[in-house]
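S.K.:
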Amino acid sequence: MNEYGLAFNLLVGLLIGLAVNWLADWLPAYGRTDSPALLVRHWRRWAGVLVASSLFGGYLFAFPEHPTVASPARDWMLWLFFALFLLILVVDLEHRRVLNVVVYPMACVGLILATVRPDLSFASAVIGALVGFASFFLLFLLRPGGLGAGDVKLAGLIGLLVGFPEVSVALIAAIGLGGVSAAFLLLLRRVGRRGTMAYAPYLSLGAMVALLYGPAIIAWYLGRFGIL
Numbered sequence: 054m055n056e057y058g059l060a061f062n063l064l065v066g067l068l069i070g071l072a073v074n075w076l077a078d079w080l081p082a083y084g085r086t087d088s089p090a091l092l093v094r095h096w097r098r099w100a101g102v103l104v105a106s107s108l109f110g111g112y113l114f115a116f117p118e119h120p121t122v123a124s125p126a127r128d129w130m131l132w133l134f135f136a137l138f139l140l141i142l143v144v145d146l147e148h149r150r151v152l153n154v155v156v157y158p159m160a161c162v163g164l165i166l167a168t169v170r171p172d173l174s175f176a177s178a179v180i181g182a183l184v185g186f187a188s189f190f191l192l193f194l195l196r197p198g199g200l201g202a203g204d205v206k207l208a209g210l211i212g213l214l215v216g217f218p219e220v221s222v223a224l225i226a227a228i229g230l231g232g233v234s235a236a237f238l239l240l241l242r243r244v245g246r247r248g249t250m251a252y253a254p255y256l257s258l259g260a261m262v263a264l265l266y267g268p269a270i271i272a273w274y275l276g277r278f279g280i281l
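To convert, take the position in the sequence shown, counting from 1, and add 53; that gives our numbering.
1. Quick check: does the Cβ of L240 come within less than 7 Å of any heavy atom belonging to the ligand MN?
2. Per DSSP, what are the beta-bridge partners of L200 in this structure?
3. Alpha helix (DSSP H) containing F217: first to last residue?
4. Could you have a look at F61 and say whether DSSP puts it in helix, strand or coil?
5. Count the other CB atoms, across all protein chains shown, that sit within 10 Å of the CB of L195; report buried if there are 16 or more and exposed otherwise.
6. For D87, name the three-state secondary structure that DSSP assigns.
7. Kindly list the residues whose CB is nearer than 6 Å to the CB of M54, restricted to its own chain and excluding five residues on each side of it in sequence; keep chain order.
8. Which residues mark the beginning and the end of the alpha helix (DSSP H) in which S257 is found?
9. For R150, which residues in the same chain have their Cβ closer than 7 Å to its Cβ, ignoring the five residues on either side in sequence?
10. Once DSSP output is grouped into helix, strand and coil, what is the label at P81?
11. Residue range of the alpha helix (DSSP H) that M159 falls in?
12. Cα-Cα, which of I141, H148, E147 and L113 is closest to L131?
13. Might you give, ordered along the chain, the residues of its own chain that have their beta carbon closer than 6 Å to the beta carbon of E219, omitting 5 neighbours on each side?
So this is what it looks like as structure tokens:
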């Protein structure tokens with residue numbers, strides 16, 4: 054393995070981690086007059102984000118043959134999506150908010166990328182967005198208070214970025230991770246049966262699962278049932 058390549062990936066991870074931490078401090082206060090722009094720098098969160106970004110850089114270096122990182126352009130695109138979902142995860146954990154100032158601009162970027170991405174057609178991106186948005190909008194209606202409007206918009210954004218049918222992997226992974234976490238928190242009595250929890254972190258993790266392993270999971274599933 055090329056130690057310079059590993060060092061470069063780790064450096065990119067550290068820089069992205071610094072950017073995500075700064076944005077997570079500043080964006081929640083953007084446009085608000087009741088509080089100054091935050092530069093809190095909670096050391097545990099800052100350390101966690103930096104470690105996560107560095108580990109992701111190490112992953113991309115260790116598995117260069119991975120189909121989603123087979124070219125430098127797709128590698129940088131994956132870095133962009135990782136930074137986006139890490140930012141959303143951190144902000145929702147700390148503030149219980151999915152920020153429009155993050156979701157809407159990224160949706161525009163996702164639409165533009167869908168016209169040039171070799172791994173995703175524009176139709177797949179649009180269908181994925183519709184499926185993601187509609188699925189969580191239905192859950193939003195069925196269980197008022199269980200999900201926020203931000204979660205619905207985030208599900209649509211994830212569908213736009215991962216496409217169809219990979220959006221199904223993202224949503225199922227998110228629901229599974231959220232369910233396991235909820236059961237664990239109930240067991241520890243950290244939340245009540247009617248309590249709520251931040252759901253965007255699980256959607257963000259599900260999105261990364263779909264980006265990295267979505268096609269492989271779908272191929273395995275279809276082959277398992279003799280469809281493929």
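Glycine included, every Cβ here is placed at the ideal spot set by N, Cα and C.
M.R.: The structure says:
1. Absence of the ligand MN from the depicted structure is noted, as is the absence of any ligand whatsoever, leaving it without description.
2. P197
3. Per DSSP, F217 belongs to no alpha helix (DSSP H) and is neither H nor E.
4. helix
5. exposed
6. Residue confidence is low: D87 scores 47 on pLDDT, short of 50, so the model does not pin down where it sits. No coordinate-derived value is stated.
7. Confidence at M54 is low in this model, with a pLDDT of 48, below 50, so its placement is unreliable and the value that follows should be read with caution. Around M54: no qualifying Cβ.
8. A253 to R277
9. P81, V144 and G203
10. helix
11. N153 to A167
12. L113
13. A263 and G267
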